[in-house]
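In my numbering, the protein residues as written are 1 to 384. No residue lacks a Cβ here, since even glycine has one placed at the ideal position from N, Cα and C. The structure displayed is predicted, hence computed values, not measured ones.
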Amino acid sequence: MKTVSSSLRRLLPAAGAAALIALSLSACVSSPGRPDTPGRDAAAAPTFYPPLPNAPRIQYLTTLSGERDLAVAKGRFAEYILGEEREARQLVQPYGVALTDGKLYVADSRAPGLAVFDLRQRRFTLMQGVGGGRMKQPINVRIDSDGTKYVTDTGREQILVYDREDRFVSAFGRQGEFKPVDVAIAGERLYVSDIKHQQVHVLDKRSGRTLFTFGEAGSETGQLFHPTNLAIGPQGDVFVVETGNYRVQRFTADGKPVRSYGAVGSVPGSFARPKGIAIDRDGRLYVGDAAFENVQLFDPDGRLLMDFGQPGEGGEALSLPAGVTVAYEGIDAFRPFAAPGFDIQYVVLVASQFGPNKVDVFGFGTMAGMAYPPAAQATSAGSR
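Encoded structure:
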């Protein structure tokens, strides 16, 4: 989204530098690669959004694309770990990402399976499943608080369930019942986006039984067209990315439409091919766009705060970004990549389906000694 990103950075000063500083949330300045941390070597200067001398809120930290990114150091030591005769395994076409208990799970539809980056043990494994749990075309993965993993497999047209130890438990969905792209967990419910029938299925997460559905094909309020990714807001509302309608629609937990965000266009705040979505604890929305090749950040009321990432090459380059995830737990492995004085509150993981960078890691935080607005300026409620 070169056009949109550049226009956004021209627009913000014109719209009022005070708003930018007040929100302290827009473009760029990579953390030195450290031999004792996972990820790719980055450039010498940190990449911040907004750039210094503004008070930065987001820093590009590192990239994970394959087995070599877990090596303690490049060169001979990596060869010692991996073996000179064996080519290091790489992500092929990742989509969904999830971080838990020091492990990063990446759904790779072309592997096919879940690539597992063990950030503590520096180990890379590929979880493909066996028997009834063998994956065919995994797209997204969500992990519950007890370690249960729910994988949407569009090839099998099912949701595959694995336990904390990655053992297959069950498969939800009869053949033809839905073509799931994403699944979101809320209490005892699973919300499943169905790109075939243009609706969201709500399942009992224990039995897989369908409780109800909402949405139908169309572009009016409450209707859906190519629903892809999902997120649950702090109040329990369900956010549905409609790639075909170029918007994000918000529903109550029971499927009643609340409001929508965005529209098709090429100006900041609009969408061309929205895909991934994540929501932080303060209700801010992160929406990845595969056409613009960036992530746009909105407040709970849908006001654009900033964008980050960019097309092309470089540490923070995105190429057809798909899954976007916010993670508060298990982020210690990424703290060493933060610039001195930058305190990370959580990380934002963005998977790209093409290009050399497969999973880019960004940190959201604050810089010591710099002024930031009260947290109340980004409330978790938002207007309905």
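Pick out whichever of the options has its Cα sitting closest to the Cα of residue i.
i    : options                   : result
L91  : A263, Y328 and V106       : V106
F334 : T325, P340, I344 and V326 : I344
R398 : A339, R281, G341 and D69  : The question about residue 398 has no answer here: the residues shown for the chain are numbered 1 through 384.
T62  : I232, V348, R164 and V287 : V348
T100 : G309, Y372, I331 and A338 : I331
Y246 : A253, F214, E220 and V326 : E220
P268 : K103, V295 and L318       : V295
I232 : V116, R164, R142 and D289 : R142
Q175 : I159, N357 and G309       : I159
L64  : A55, L52, D118 and I58    : D118
V97  : N140, P336, G262 and Q121 : N140
Go through its chain and collect everything with a Cβ distance to residue i's Cβ below 6 Å, but skip five positions before and after it.
i    : result
A291 : A272 and R273
P227 : S193, V240 and E242
Y60  : S30, T47, G315, E316 and F362
I81  : Summary for I81: the model assigns pLDDT 47, below 50, so the residue's position carries little reliability; its value from the coordinates is reported in the next sentence. The residues are A71.
E79  : Because E79 carries a pLDDT of 48, less than 50, the predicted location of this residue cannot be relied on, and the following value inherits that uncertainty. No residues qualify anywhere along the chain.
G113 : L126, M127, Q128 and M135
S170 : V161
G255 : F214
A253 : G236
What does DSSP give as the partner residues of residue i in its beta bridges?
i    : result
D204 : R189
A115 : V106 and L126
K149 : I143 and Y162
S266 : The partner list for S266 (beta bridge, DSSP) is empty, contrary to what the question assumes.
Y60  : T47 and F362
F298 : L285 and L304
A184 : Y191
A271 : Reading off the sequence shown, one finds Phe at residue 271, where the question assumed Ala. Bridge partners of F271: V264.
L70  : Answer is none; L70 lacks a bridge partner.
V348 : V326 and F362
F342 : M367
Can you tell me the Cβ-Cβ gap for residue i and residue j, rounded? I've got them flagged as a contact below 8 Å.
i    : j    : result
R284 : L304 : That pair is no contact at about 11 Å.
T210 : P180 : T210 to P180, Cβ: 12 Å. No contact.
D204 : R189 : 7 Å
G47  : G315 : For clarity, residue 47 is Thr in the given sequence; the question names Gly instead. So it is a contact: roughly 6 Å between Cβ atoms.
T148 : V161 : 7 Å
T152 : D108 : Not quite, the Cβ-Cβ distance comes to about 13 Å (not below 8 Å), so this is no contact.
Y150 : M306 : Not really, about 31 Å apart at Cβ, beyond 8 Å.
Specify, as a first and last residue, the run of the beta strand (DSSP E) that residue i falls within.
i    : result
E242 : V238 to E242
I277 : P274 to I279
S319 : It is not in any beta strand (DSSP E) - S319 carries neither H nor E in the DSSP assignment.
R259 : P257 to Y261
P311 : Premise fails: P311 is in no beta strand (DSSP E) and is neither H nor E.
D101 : That residue, D101, is in no beta strand (DSSP E); it is neither H nor E in DSSP.
N229 : P227 to I232
For residue i, I'd like the list of residues in its chain whose CB is within less than 8 Å of its CB, leaving aside the five on either flank, ordered along the chain.
i    : result
R110 : V92 and Q93
R384 : Below a pLDDT of 50, predicted positions are generally treated as unreliable, and R384, at 45, falls in that range; the measurement from the model is reported next regardless. Same-chain partners within the cutoff: V258 and R259.
D280 : Y286, V326, Y346 and F364
L318 : G288, E293, N294, V295, G309, Q310, P311, V350, S352, G355, N357 and D360
E329 : L99, T100 and D101
Would you say residue i faces chain B, with C-beta separation under 8 Å as the test?
i   : result
Q59 : Included in the structure is just one protein chain, with no chain B present.
Ordered along the chain, which non-local residues of its own chain (more than five positions away) have a Cβ less than 7 Å from that of residue i?
i    : result
F251 : F214, D237, V238, V240, P257 and V258
F178 : E157, V192, D194, K196, H197 and H201
G382 : Any reading at G382 needs caution, since the residue's pLDDT is 44, under 50, leaving its predicted position unreliable; the model's value is listed next. The answer, listed in chain order, is G283, P300 and D301.
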